[in-house]
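Since the structure comes first, as structure tokens, the remarks are kept for the end.
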Amino acid sequence: MKKLANVGLGLLMTASMMAAAQAEEVKIGMITTLSGGGSHLGVDVRDGFMLAIEQAGRDDIEVLIQDDGNRPDLARSLANEFMQRDEVDILTGIIFSNLAMAVVPAAVRQGTFYLSPNAGPSDLAGRMCHENYFNVAYQNDNLHGAMGAYMREQGFEKPIILAPNYPAGTDALAGFKHLYEGEVADEIYTQMGQTDYAAEIAQIRSSDADSLFFFLPGGMGISFMKQWQNSGVDLPVFGAAFSFDEIIIKAVGSAAIGAMNTSLWAYDLDNEANHAFVEAFRGTYGRTPTLYAAQGYDTANLILSALEKAHPDDQDTFREALREADFDSVRGEFRFGPNQHPIQDIYVREVVEGDDGEPTNRLVGIAIEDIQDVYHTQCEM
Amino acid sequence: MTLFIEQLINGLQLGTMLFLMASGLTLIFGVMGLINLAHGSFYMVGAYATALVSAATGSFLIGLAAGIAAAAAVGALVELIVIRRLYHRPHLDQVLATFALILIFSEGTRWLFGSSPLWLNAPAALSGSIALPGGSRYPIYRLVIIAVGIMVAVGMYWLISRTRLGMRIRAGESDREMIGALGVNIARLYTLVFAMGAALAGLAGAMVGALQSVQVGMGEPVLILAFVVIVIGGIGSIKGALYGAILVGVVDTLGRVFLPLFFRQFMTSSEAAGVGSALAAMLIYILMALILAFKPKGLFAAND
Chain A
-13 MKKLANVGLG LLMTASMMAA AQAEEVKIGM ITTLSGGGSH LGVDVRDGFM LAIEQAGRDD
47 IEVLIQDDGN RPDLARSLAN EFMQRDEVDI LTGIIFSNLA MAVVPAAVRQ GTFYLSPNAG
107 PSDLAGRMCH ENYFNVAYQN DNLHGAMGAY MREQGFEKPI ILAPNYPAGT DALAGFKHLY
167 EGEVADEIYT QMGQTDYAAE IAQIRSSDAD SLFFFLPGGM GISFMKQWQN SGVDLPVFGA
227 AFSFDEIIIK AVGSAAIGAM NTSLWAYDLD NEANHAFVEA FRGTYGRTPT LYAAQGYDTA
287 NLILSALEKA HPDDQDTFRE ALREADFDSV RGEFRFGPNQ HPIQDIYVRE VVEGDDGEPT
347 NRLVGIAIED IQDVYHTQCE M
Chain B
-17 MTLFIEQLIN GLQLGTMLFL MASGLTLIFG VMGLINLAHG SFYMVGAYAT ALVSAATGSF
43 LIGLAAGIAA AAAVGALVEL IVIRRLYHRP HLDQVLATFA LILIFSEGTR WLFGSSPLWL
103 NAPAALSGSI ALPGGSRYPI YRLVIIAVGI MVAVGMYWLI SRTRLGMRIR AGESDREMIG
163 ALGVNIARLY TLVFAMGAAL AGLAGAMVGA LQSVQVGMGE PVLILAFVVI VIGGIGSIKG
223 ALYGAILVGV VDTLGRVFLP LFFRQFMTSS EAAGVGSALA AMLIYILMAL ILAFKPKGLF
283 AAND
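Heads up: the sequence lines are chains A and B, in that order. Going by this note's numbering, 106 is the number at position 120 of the first sequence; the sequence numbering is gapless. Going by this note's numbering, 247 is the number at position 265 of the second sequence; the sequence numbering is gapless.
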């Protein structure tokens, strides 16, 4: 028994010595959705993130990647594993808001940094904000609100709005209405995962709306757009980039052409960092990046910029370095608001037929400048 | 009123599509006593094969034929390799084994074709819409789906009641051991029925794939509805599957549209939309519970 205890003690000592030897190394744990519905989002966040890490060429950064399968319980246990066994300094990667809510609050309370490359639920921007939580992508309302503002400005008077009946769906319509500020013709809630929209399209047809705004992420949007095209309803279509990323519009085909969508980034955005990013991404992965790839890339570059100044063990300095956001964002100007969520321009893109005959997004202009989420007033940091 | 008629047609279209799924499912259960959770995978196989072959040949019809053939072939193969060993096992084993098949098919498809949805569109001749009486318009392709569904229903009726194969299927439903003793090759009959059910699922997947998105896991939501249909219609009954499918299609569609409108009379429009759509999501399950309360074996129970 005593012998066993000695062996145990010896192992412990070795382990702590090893930990000391590696103190300068930075460990980043990435939990993202690589299988199941919505996996192309996670794949692009990962690829964008890793592209930036490889470009930096630093061998003292270790990125551990795990697939959460779009399951909150799995994401949570992966986070615990990363924090307790691997002792990561920074967590990142989560795509979906419900998974973020399951992981982020506990993680940041335990002193780990979390940088969100996609999900931006309102609670984390408002009453549950935390000094160790940074959102590098957007607050969930941003793109919808920006489209509301844009449609108002374009003179649409009676949009009909549609989203699935779940928290992000109701938030999307609320965000839209907040900045649209006018009367909507009607609002329609569909079921989560619904694939047939004949009933809703008939309802839109019989309404007196002058335009359509919808939020249907993933496969739902593909189904909707294809059925919309064949329905003979002739209203201009607006949405957020989540239904019009480069991968989705290829699956929708010609039905997507003409749709306008808001995004925090576009691949034809004219700035130097973006040219370099799009070219490198195409070269490495052989496809055009989506906004998720851009968000992953920016997240990694933000981390790299802060690592230049401090190691995450020096929490206060590292946090200050993150807040400065001293990196070349692919979306142009980038800064954080007081709740550590971005204050940024949101762009409008139109889906057009590309040179290869396939639909692609083309930058049209700015929908709204320096948008900031409304929840920052509830954040006490 | 035009809205109501249009929604009724929508309900009919959803119903005929569900019938294609449910008829195969109920046939397999009726003849072989097998609960097949992997039926949604044949739906997916049909859609994928159609998308791939259509893209390669440029013809939706060739794609459709390939989709049906692929689903039937995969169905026959699955029956020979896996399902055959399950007939004498309890239902729990069948559920577990066919659930494993779902996982294998889903991950296999993802491994082969990736997780991004594939592109499949209806042929140009069928895209667009035609005028309905009353000034509204309706997509041609959806009318074609209804027509195909009716043709399949008539064909199934003819097959079951007028042909020798149908006679054997009916005999198989009544007494498995006896038709074996009478010299009918049961093993071959089972493979045939299973492949037929799979082909119908493949047809549904291919037709609907052009309307929705062709992606991994597309079959499972439909499978759940198809199970509701066969439980309502009476397990094992083709006639029950037809009536059940149309009932579920119409109730689901009308509920989705008119419940929010109904609640709007005494709520604000955004509350009504939320409450109405939440209740609409439950409507077919409420319907199922009600029907089972009065007719525990479903509307047209087989072997009664």
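Glycine included, C-beta positions come from ideal geometry on N, C-alpha and C.
Please confirm whether Gly179 of chain B and Ile10 of chain B have their CB atoms less than 9 Å apart. yes
Listed by chain order, chain B residues near Tyr175 of chain A by CB distance under 7 Å: Ala255, Gly256 and Ser259
Exposed or buried, what is Arg170 of chain B when buried is set at 16 or more other beta-carbons lying within 10 Å of its beta-carbon? exposed
Write down the C-beta distance between Phe1 of chain B and Ala223 of chain B rounded to the nearest angstrom, noting that I regard them as a contact closer than 8 Å. 6 Å
Hey, does Ala263 of chain B have any beta-carbon neighbour from chain A nearer than 9 Å? yes
Length-filtered (4 minimum) alpha helix (DSSP H) runs lying within the segment 197 to 284 of chain B: 201 to 215, 220 to 245 and 251 to 276
Out of curiosity, what's the CA-to-CA distance linking Val31 of chain A and Leu101 of chain A? 12 Å
Among the residues of its own chain, which have a CB less than 8 Å from the CB of Leu50 of chain A, if the five just before and after it don't count? Lys13, Ile14, Gly15, Met16, Phe68, Asp72 and Val74
Go ahead and pull the three-state DSSP assignment for Met(-1) of chain A. Because the pLDDT of Met(-1) of chain A is 49, which lies under 50, any placement of that residue in the model is unreliable, and the question is left without a value.
Nearest-angstrom Cα separation, counted from Glu40 of chain A out to Thr112 of chain A: Checking the sequence shown, residue 112 of chain A turns out to be Gly, not Thr. Approximately 34 Å, taken between the alpha carbons.
Rank A:Ile76, A:Asn121, A:His26 and A:Asp109 by C-alpha distance to the C-alpha of Phe96 of chain A and give the top, closest one. Note on identity: in this sequence residue 96 of chain A is Gln, with Phe being the wrong assignment. Closest by alpha carbon: A:Ile76.
Give me the chain B residues within the contact set of His26 of chain A, using Cβ-Cβ distance strictly less than 7 Å, ordered along the chain. Ser97 and Ser98
Test: Val29 of chain A CB closer than 9 Å to a CB of chain B: yes
Under 9 Å between the Cβ atoms of Ala267 of chain B and Tyr172 of chain B? Going by the sequence as given, residue 267 of chain B is Tyr instead of Ala. Going by C-beta atoms, Tyr267 of chain B is not nearer than 9 Å to Tyr172 of chain B.
For the beta strand (DSSP E) containing Asn247 of chain A, name the first residue and the last one. Met246 to Ser249
Quick one: is Pro328 of chain A buried, meaning 16 or more other Cβ sit within 10 Å of its Cβ, or exposed? buried
Cα separation between Leu255 of chain A and Gly96 of chain B? 28 Å
According to DSSP, which residues form a beta bridge with Met189 of chain B? In DSSP, Met189 of chain B forms no bridge with anything.
Could you check what DSSP says for Arg144 of chain B in three-state terms: helix, strand or coil? helix
DSSP on Gln70 of chain A, reduced to helix/strand/coil? helix
Distance, His26 of chain A Cα to Val90 of chain A Cα: 22 Å
Extent of the continuous alpha helix (DSSP H) run through Phe11 of chain B: Thr(-16) to Met14
When DSSP builds the beta bridges, which residues end up paired with Ser111 of chain B? B:Pro121
Just how far apart, CA to CA, sit Ser192 of chain A and Ile80 of chain A? 40 Å
What runs of the alpha helix (DSSP H), each 4 residues or longer, lie entirely inside the segment 220 to 288 of chain A? 232 to 238 and 258 to 271
Could you name the residues of the same chain whose beta carbon sits closer than 7 Å to that of Pro107 of chain A, not counting the 5 residues immediately before and after it, in chain order? Ser83, Ala86, Met87 and Asn126
I'd like to know if Leu272 of chain B contacts chain A, where contact means its C-beta is closer than 9 Å to some C-beta of that chain. no
Does the beta-carbon distance from Thr276 of chain A to Glu232 of chain A come in below 9 Å? yes
Straight-line gap, Val175 of chain B to Ala47 of chain B (C-alpha atoms, nearest Å): 19 Å
Helix, strand or coil, according to DSSP, for Arg150 of chain B in the structure here? helix
Are any of the Cβ atoms in chain E nearer than 9 Å to that of Gln52 of chain A? No chain E appears in this structure, whose protein chains are A and B.
Can you list, in chain order, the residues of its chain whose CB lies under 6 Å from that of Ile17 of chain B, leaving out five sequence neighbours each side? His73, Gln76 and Val77
Buried or exposed for Gly225 of chain A, going by 16 or more other Cβ atoms inside 10 Å? buried
By how many angstroms is the C-alpha of Phe267 of chain A removed from the C-alpha of Gln8 of chain A? Low per-residue confidence applies at Gln8 of chain A: pLDDT is 45, beneath 50, and the placement is therefore not dependable, though the value from the model is reported in the following sentence. Straight-line Cα distance between these residues: approximately 31 Å.
Among B:Ala53, B:Gln247, B:Lys277 and B:Ala20, which has the Cα closest to the Cα of Gly215 of chain B? B:Lys277
Ignoring anything shorter than 4 residues, give me the alpha helix (DSSP H) runs that lie fully in the segment 313 to 349 of chain A, in order along the chain. none
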